[in-house]
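Per this note's numbering, residue 6 is the first one in the sequence shown, and the count goes up by one each step.
For each residue, glycine too, the CB sits at the ideal point set by N, CA and C.
These numbers come from a predicted model, not from an experiment.
Working notes for the structure below.
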Amino acid sequence: MAKVKAKDLREKTDQELLDQLAVEKKRLFDATVRGASGEAIKPHEKREGKRLMARIRTVLRERALRRELGVRAAALEPKAGDCSPAVARLAKRAADARRPRLPRSRRPRELSAADRAALRLAETRRVMQGLQRTDPGETK
6 MAKVKAKDLR
16 EKTDQELLDQ
26 LAVEKKRLFD
36 ATVRGASGEA
46 IKPHEKREGK
56 RLMARIRTVL
66 RERALRRELG
76 VRAAALEPKA
86 GDCSPAVARL
96 AKRAADARRP
106 RLPRSRRPRE
116 LSAADRAALR
126 LAETRRVMQG
136 LQRTDPGETK
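Written out as structure tokens, the structure is:
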């Protein structure tokens with residue numbers, strides 16, 4: 006069995022990936038049953054099958070996270086609109102940084118709901134930057 010790369014998996018649609026995952030699960034189960042009946046199963050094939058299933062699940066999870074973060078950012082956008090200037094500046098600075106990170110304040114102070122939404126929105130955008138990837142199968 007040839008090694009399937011994640012790049013090739015990203016070109017497939019979600020339904021194709023789910024179908025391939027089901028086929029791979031069935032193949033591994035059948036191999037386990039054959040192994041119990043006395044036929045030898047090659048250990049490297051079992052290992053490759055498990056890794057392929059993990060790759061498929063990873064691609065599906067990345068897509069789900071991207072969709073979820075997009076929805077979350079859209080919901081936070083109107084709430085974060087009227088935050089205080091200091092928090093807006095902090096969120097903008099974190100977004101512009103090479104490795105955006107929101108600093109923690111030493112003194113806990115009460116933040117308004119808009120300020121909390123602005124900070125959550127900045128954190129959501131930071132995570133979305135880490136997940137930026139062209140995924141042709143997602144648009145099909």
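| Item | Value |
| --- | --- |
| Quick one: what's got a C-beta closer than 7 Å to residue 40's C-beta in the same chain, skipping five residues either side? | 46 |
| Taking residue 29 and residue 58 to be in contact with their CB atoms under 8 Å, please state how far apart those CB atoms are, rounded to whole angstroms. | 5 Å |
| Let me confirm a value: residue 118 is counted as buried when at least 16 other C-beta atoms fall within 10 Å, else exposed. Which label applies? | exposed |
| For residue 96 and residue 131, what's the separation of their Cα atoms in angstroms? | 10 Å |
| Return the Cβ separation of residue 68 and residue 140 in integer angstroms, given the expectation that the two are a contact with Cβ distance under 8 Å. | 7 Å |
| Can you check whether the CB of residue 50 is closer than 8 Å to the CB of residue 36? | yes |
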